[in-house]
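Participant: Please find one structure pasted underneath; my questions will follow.
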Amino acid sequence: MNDDFPMDVVTMGELRAGDPVMTMDCFAADLPAWKVDGFSLQQVTMGELRAGDLVMAMDDTSGRRFADRVVRNVHAGQFSRTGTVLDLHHSGGSAVSVTPGHAVFVDGAYMAAKDAGVGGAMLAAPQDGAAPVEVLITRISEREAQLVNPITDSGRILAGEGSVLAGSVPYTPGNLAMRLASLPMGFWKLASWMAPAAYQDSALVEVAMTGMPAIAIARAGAYVPLPLALPFAAVAMLVYDTVVCVLFAVMCVLYAVVWVLFTVVCVLLALLFVLFVLLIVLVALLFVAWQWAVGVAWPLAMHWLSNTLPVV
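Counting in the working numbering, the sequence shown runs from 519 upward without gaps.
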């Protein structure tokens with residue numbers, strides 16, 4: 519336990535203005551990540567990632583690096599939040615910036631960042647493709663930063679300029695959150711695959727992924743025996759996930775209906791405008807015809823008649 523950053527459990531009634539409270543555990547938005555761009559890697563910030571992006575991750579057992587898909591970047595864009603992050607400076611020359619409860623891979627196991635200490639060994643993936651190497655934490659500092667959390671299919675991501683392995687989820691008892699994130703499929707992943715932009719921008723999904731039910735399910739290992747925690751949490755998450763995705767689908771359908779109605783109204787307004795323009799043109803033509811008839815045709819007709827008819 520890192521006692522430099524203690525956290526106390528208090529009741530809502532004990533909170534006062536200015537007290538720091540925990541949000542969903544995240545990365546600092548300015549922390550670099552490695553986005554797969556075709557056949558090359560592009561260094562971007564965590565805050566720039568969106569649902570559907572491919573980022574580099576690594577298996578903590580085999581050291582195999584792979585491209586992983588971002589299911590959704592929590593708190594990104596319009597859902598921006600700020601909070602306290604720990605900068606885990608390491609011997610690789612850079613740092614990993616995460617909130618105290620975020621999962622980091624130190625000394626061969628995942629743990630909360632607040633439990634990592636100076637001298638702890640993290641796993642880094644050299645950019646030249648060489649075998650993963652250990653980098654040691656040299657110091658830990660604290661700062662305020664904008665927070666984001668790009669959750670990947672595997673629950674893992676390479677973070678920072680040094681490509682250090684970290685979880686893309688909070689640390690929970692039994693590392694349950696990562697196990698849930700790495701399950702092969704769920705409605706939440708399906709929705710992200712089908713409509714990544716809408717899924718990323720959905721306020722409903724933002725609330726659902728950061729709400730108490732999701733956090734409580736991910737922390738099921740704290741109050742359910744670990745052998746039972748995964749199946750219990752998987753079933754609970756499936757039910758919760760189904761409800762959220764059904765609501766998301768309903769909202770998408772309603773949005774589509776509203777968009778269709780808006781399009782129909784715009785088309786009708788355009789048709790009315792065209793008819794109005796045609797009416798104006800018709801009135802103008804009638805006015806020109808009347809002016810021609812009165813000013814030109816009628817005098818010519820009178821002149822012709824006066825020269826044609828015999829004088830009595």
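Ideal Cβ positions, reconstructed from N, Cα and C, are used throughout, including at glycine.
Can you look up His608 in the DSSP assignment and give me helix, strand or coil?
Facilitator: strand
Participant: Nearest to Val636 by CA position, among Ser609, His593, Val812, Leu804, is which residue?
Facilitator: Val636 has its Cα closest to that of Ser609, out of Ser609, His593, Val812, Leu804.
Participant: Could you confirm whether any beta carbon from chain C is found closer than 7 Å to the beta carbon of Arg582?
Facilitator: Although the question refers to chain C, the structure presented lacks it and comprises just one protein chain.
Participant: Is it right to say Ile798 is buried, meaning 16 or more other beta carbons lie within 10 angstroms of its own, or is it exposed?
Facilitator: Around the Cβ of Ile798, a 10 Å sphere holds fewer than 16 other Cβ atoms; the residue is exposed.
Participant: Over what stretch of residues does the alpha helix (DSSP H) that includes Glu724 continue unbroken?
Facilitator: 721 to 728
Participant: What's the gap between the Cα of Lys553 and the Cα of Val761?
Facilitator: The alpha-carbon separation between Lys553 and Val761 amounts to approximately 31 Å.
Participant: Would you call the CB atoms of Val603 and Ala546 closer than 7 Å?
Facilitator: yes
Participant: Using only CA atoms, which one of Asp625, Val622, Phe623, Gly611 lies nearest to Thr656?
Facilitator: Gly611
Participant: Which of helix, strand or coil does DSSP assign to Tyr628?
Facilitator: Under the three-state reduction of DSSP, Tyr628 is assigned to strand.
Participant: Quick check: Ala594 and Val666, are their CB atoms within less than 7 Å of each other?
Facilitator: yes
Participant: Evaluate Met820 with the Cβ neighbour count: other Cβ atoms within 10 Å of its Cβ, from every protein chain shown; 16 or more gives buried, anything less gives exposed.
Facilitator: Here Met820 is exposed: its Cβ has fewer than 16 other Cβ atoms, across all protein chains shown, within 10 Å.
Participant: Under 7 Å between the Cβ atoms of Ala643 and Met696?
Facilitator: Taking 7 Å as the cut-off, the Cβ atoms of Ala643 and Met696 do not count as close.
Participant: Please report the distance separating the alpha-carbon of Ser615 from that of Ala663.
Facilitator: 9 Å
Participant: Please determine, among Ala699, Gly692, Ser659, the residue with the shortest C-alpha to C-alpha distance to Asp671.
Facilitator: Per the Cα distances, Ala699.
Participant: For Tyr689, which of Thr617, Gly647, Ala715 has the nearest alpha-carbon?
Facilitator: Thr617
Participant: Going by DSSP in three states, Ser824 sits in which element: helix, strand or coil?
Facilitator: helix
Participant: Around the Cβ of Val814, are there at least 16 other Cβ atoms within 10 angstroms (buried) or fewer (exposed)?
Facilitator: exposed
Participant: By a C-beta neighbour count over all protein chains shown, 10 Å radius and 16 as the cutoff for buried, is Gly626 buried or exposed?
Facilitator: exposed
Participant: Using DSSP with H/G/I as helix, E/B as strand and the rest coil, what is Thr563?
Facilitator: strand
Participant: Report, in whole angstroms, the separation of the C-beta atoms of Val624 and Val653, which I expect to be a contact under 8 Å.
Facilitator: Between Val624 and Val653 a beta carbon distance of about 10 Å is seen, past the 8 Å cut, so the two are scored as non-contacting.
Participant: Quick check on DSSP: helix, strand or coil for Trp816?
Facilitator: helix
Participant: Would you call Cys763 buried or exposed, if buried means 16 or more other Cβ atoms sit within 10 Å of its Cβ?
Facilitator: buried
Participant: Would Leu572 pass as a contact of Ala551 if the rule is Cβ separation under 7 Å?
Facilitator: no
Participant: Looking at Val622 and Ala639, is the spacing between their C-beta atoms short of 7 Å?
Facilitator: The answer is no: Cβ separation not under 7 Å.
Participant: Under DSSP, the beta strand (DSSP E) around Leu683 begins and ends at which residues?
Facilitator: 682 to 688
Participant: Can you name the start and end residues of the beta strand (DSSP E) that Arg697 belongs to?
Facilitator: That residue, Arg697, is in no beta strand (DSSP E); its alpha helix (DSSP H) goes 694 to 699.
Participant: What would DSSP say about Pro644, mapped onto helix, strand or coil?
Facilitator: coil
Participant: Could you give the distance in angstroms between the alpha-carbon of Leu559 and the alpha-carbon of Ala648?
Facilitator: 16 Å
Participant: Can the beta-carbon of Ser710 be found closer than 7 Å to that of Arg590?
Facilitator: yes
Participant: Between Gln718 and Ala569, is the Cβ-Cβ spacing less than 7 Å?
Facilitator: Going by C-beta atoms, Gln718 is nearer than 7 Å to Ala569.
Participant: To which residues of the same chain is Ala716 closer than 7 Å at the C-beta, ignoring the five residues directly before and after it?
Facilitator: Cys770
Participant: In terms of residue numbering, what span does the beta strand (DSSP E) encompassing Phe584 cover?
Facilitator: 583 to 592
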